[in-house]
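In the UniProt record's numbering, the protein residues as written are 1 to 282.
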């Protein structure tokens, strides 16, 4: 029997739960799975059935009939309580018959490692995907307002990050969900080059045709802004992953899994600019 026939039969007999299926990576994973003819259930508070990390009673209905799941945690695995929820969910998933779990994690996040271990201990067939910061943070939420305002103010100095594209992440996740060779593997993903935020601003300026500046601020200044907008201070802690240099090197999970180079930030910026998302708004 051919591999394609096997995949077709598998696709007809499985449902994949995509937690955060409306988010940056989840949306792309769902689209790719559906394009392969696979049944997808979106795990979100507005889904049917609903899924909410803060309401464990929603997990069972969302897992009913699910063979595999892509697990993303909002706002981040490094936040308090994340590891306990991931562990409890993984145990519930295995008990419900969900055998394959692919977890989105972050590079260099020590707290996230605890969540990874909890998922691995559940008995599931697991894959962990550790991603660098997303290119799409600049056009889908997070930094979008800053780009539109023409000023990106962050507490990272001149540190560099190996930004990775959400499309690359989604392609790796789909491979992990559909190919047994990725079971029990941990992949670290980055883009093809290191960029400081001043370089990011320059790339965005070039793509949009307008001036976008990077303004370094102190940690205290950034926390004050978070407080002003009612956002958790833990967001500031995430920037330590950039400022302390722990991830200031390239990794090659995209090439290892997909057999092709990772997408460059400049290509992402050109495509995003062409969509009009960064056009000045009145």
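Where is the CB? At the ideal position from N, CA and C, for every residue including glycine.
Since the structure is predicted, the reported quantities are computational estimates derived from the model, not experimental observations.
In this structure, residue 132 and residue 190 form a Cβ contact; the two beta carbons are roughly 4 Å apart against a cut-off of 8 Å. Excluding residues up to 5 positions away in sequence, 103, 105, 116, 186 lie with their Cβ nearer than 6 Å to the Cβ of residue 128 in the same chain. For residue 59, there is no enclosing beta strand (DSSP E); the enclosing alpha helix (DSSP H) covers residues 59-63. Less than 8 Å divides the Cβ of residue 201 from the Cβ of residue 214. Exposed is the label assigned to residue 231, since fewer than 16 other Cβ atoms lie within 10 Å of its Cβ.
With contacts defined as CB atoms closer than 8 Å, residue 138 and residue 147 qualify as a contacting pair. Counting only unbroken stretches of 4 or more residues, the alpha helix (DSSP H) elements lying wholly within the segment 153-199 are 166-178, in sequence order.
The C-alpha of residue 46 lies about 30 Å from the C-alpha of residue 183.
Under the three-state reduction of DSSP output, residue 261 falls in the coil class, being neither helix nor strand.
Annotated three-state conformation of residue 42 is strand, per DSSP. Around the beta carbon of residue 268, 16 or more other beta carbons sit within 10 angstroms, so the residue counts as buried.
Going by beta carbons, residue 226 and residue 233 fall inside the 8 Å limit.
Annotation: residue 154 to residue 218 spans about 8 Å, alpha carbon to alpha carbon. For the 8 Å CB-CB criterion, residue 63 and residue 87 do not form a contact. Judged by DSSP secondary structure, residue 213 falls within the beta strand (DSSP E) whose first and last residues are 213-216.
Judged by beta-carbon spacing, residue 66 lies within the 8 Å limit of residue 15, meaning their Cβ atoms are closer than that value. DSSP lists 213 as the bridge partner or partners of residue 151. Assigned with DSSP and collapsed to three states, residue 33 falls in helix.
Inter-residue distance for residue 212 and residue 152 is about 8 Å (C-alpha atoms, whole angstroms).
The C-alpha of residue 94 is placed about 24 Å away from the C-alpha of residue 27.
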